[in-house]
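Notes to accompany the following structure.
In my numbering, the protein residues as written are 35 to 534.
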């Protein structure tokens, strides 16, 4: 069972909140936690009879992320039944809206949104930005110019994307695309989502990535590859849809796979000549969409200054499982997900809200900048094993002195807790007895295993950042690399536009 957290409300253009509201409006039961550990489907009151929910829906169009999150925290009766039972946001089951829930939940909605955007974009490309909103018949007429892995019929029938149509989000994005790029794409483009044409673009990227790894391994001595860590497709180019004037059977990048430079130069050339371009989509909550360009040739990349770190948002070590790294315009929350597995960073920045960087990629950049790693030879699984053993032996004074893991954990705590930022760091224990008291009486929402794994890995990262050979300049460089990775703007990333 996974319930929503308040940060979930502002992810991906408020898609989770909007998904819940769409289901309420269409009369679907919402899965909520009615008592501890018991999930039950409840019919919640729609906006026609629920003023608070109506206020929330209005604020989603113009409010900031901070305002939306605060509204949900301040109003405990936004989600309620007809007989007055209210459920706060963190009592709603996340599973039906996530990748693992329902019919792939959030991932399926994303696929439907991106596919439908192709049809709207084609319509306004043909008719012009002053055209009226398309009818279903007019959208069907675009099928010859769209190649998507979700059919138009399926998109039209989908409740999960209804708010995108009702609030003219598809229209805003399509008009912005036509208005900005019709003078470059002078021939009528086709729009792709999940097509064979689009897959071939990422196959070319995969070939370069393979060549990069092999070249690094063959160096004497072996070196790190140029691309960081796993370097997913999204980190190379997060184009949700691609527009092209080329044949749908063509493979436009297959002859440019020797190096990242040759591949990415061709992506820029094809965009500049109106032949191919990746488009990243974000829900538009303002009256008009806007375009942001990423990875333009010879473009200047934003540099970060490392400001400091804190345990939790306020410096109290035992009140959360995370730590924050603060840059000049970029903040990174590092923690485990799924209770204690998959330690990662999540970045909040103007251009990369919600961007993630996995533990393996964090380790890659640490090695690149400091020539040192945070993981031992056994990786995250080795840490989990050590924590399990320590808990089994007992979190007491004897083991704090004799168990190798607990002894190291306590040593790292004594080193970094005093350096944490935050106004509540003075609450952190200063004696062994106080430390053990806190460790054995964590807040109800935090498990011992999850806490020890997550905080240990946070401190192992800090140990490298502040260890031998470290410097302020290197920490600045690390923050820059983290943020650029989240924005899909590394030196190996390719040109794309984002419409938001």
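Cβ coordinates follow ideal geometry from the N, Cα and C atoms, glycine included.
Check	Outcome
What is the residue span of the beta strand (DSSP E) that residue 61 lies within?	No beta strand (DSSP E) contains residue 61, which DSSP labels as neither H nor E.
How many Å lie between residue 44 and residue 296 at the Cα?	37 angstroms
Going straight from the alpha carbon of residue 235 to that of residue 202, what length do you get?	30 angstroms
Quick one: what does DSSP say residue 112 is sitting in, helix, strand or coil?	coil
In terms of residue numbering, what span does the alpha helix (DSSP H) encompassing residue 270 cover?	267 to 270
Could you check how far apart the C-beta atoms of residue 348 and residue 456 are, in whole angstroms? I think they sit under 8 angstroms.	4 angstroms
How many angstroms separate the CA atom of residue 376 from the CA atom of residue 339?	27 angstroms
State the Cα-Cα distance for the pair residue 421 and residue 486, rounded to the nearest angstrom.	7 angstroms
Could you check what DSSP says for residue 419 in three-state terms: helix, strand or coil?	helix
Quick one: what's got a C-beta closer than 8 angstroms to residue 390's C-beta in the same chain, skipping five residues either side?	378, 379, 380, 381, 520
Which one of 477, 100, 207 has the shortest CA to CA distance from residue 554?	What is shown of the chain runs 35 to 534, which leaves residue 554 out entirely.
Which two residues bound the contiguous beta strand (DSSP E) that contains residue 341?	340 to 345
Could you tell me the distance, in whole angstroms, from the CA atom of residue 122 to the CA atom of residue 534?	29 angstroms
Out of 323, 436, 103, 79, which one is the CA nearest neighbour of residue 116?	79
Counting only the same chain and skipping the five closest in sequence on each side, list residues whose C-beta sits under 8 angstroms from that of residue 536.	The chain is shown only over 35 to 534; residue 536 falls outside these bounds and no answer can be derived.
Jot down the residue ranges of each uninterrupted alpha helix (DSSP H) in the region 141 to 214, minimum 4 residues, whole runs only, in chain order.	170 to 174, 186 to 191, 196 to 200
Considering Cα atoms alone, identify which of 353, 337, 409 is closest to residue 508.	337
Our contact map puts residue 197 next to residue 106 with C-beta atoms below 8 angstroms; I'd like the distance itself, whole angstroms only.	Going by Cβ atoms, the distance from residue 197 to residue 106 rounds to 17 angstroms, so no, they are not a contact pair.
Just the Cα atoms here: how many angstroms apart are residue 403 and residue 511?	7 angstroms
Between which residues of its own chain and residue 268 is the CB-CB distance below 7 angstroms, once the five residues before and five after are set aside?	522
Report all residues from its chain with a CB closer than 7 angstroms to the CB of residue 518; omit the five preceding and five following residues, and keep chain order.	335, 524
Would you report the Cα separation of residue 331 and residue 306, rounded to the nearest angstrom?	11 angstroms
Distance check for residue 110 and residue 64, CA to CA, integer angstroms please.	16 angstroms
Could you tell me which residues DSSP pairs with residue 65 in its beta bridges?	75
Are the CB atoms of residue 408 and residue 395 nearer to each other than 8 angstroms?	no
Distance check for residue 292 and residue 237, CA to CA, integer angstroms please.	13 angstroms
Kindly indicate which three-state DSSP category residue 218 falls into: helix, strand or coil?	coil
What whole-angstrom Cβ distance do residue 531 and residue 279 have, given they're in contact under 8 angstroms?	About 16 angstroms; that fails the 8 angstroms criterion.
Alpha helix (DSSP H) containing residue 366: first to last residue?	Careful: residue 366 lies outside any alpha helix (DSSP H), inside the beta strand (DSSP E) at 364 to 371.
So, residue 125 versus residue 59, is the Cβ gap smaller than 8 angstroms?	no
Buried or exposed: which applies to residue 426, given that a residue is buried once 16 or more other Cβ atoms fall within 10 Å of its Cβ?	exposed
So, is the C-beta of residue 122 closer than 8 angstroms to a C-beta in chain D?	Given the protein chain composition of this structure (a single chain), no chain D is represented.
Tell me whether residue 408 sits in a helix, a strand or coil according to DSSP, three-state version.	coil
If you draw a straight line from the alpha carbon of residue 81 to that of residue 89, how long is it in whole angstroms?	8 angstroms
Sort 94, 50, 95, 54 by Cα distance to residue 75 and report the nearest one.	54
Between residue 353 and residue 477, is the Cβ-Cβ spacing less than 8 angstroms?	yes
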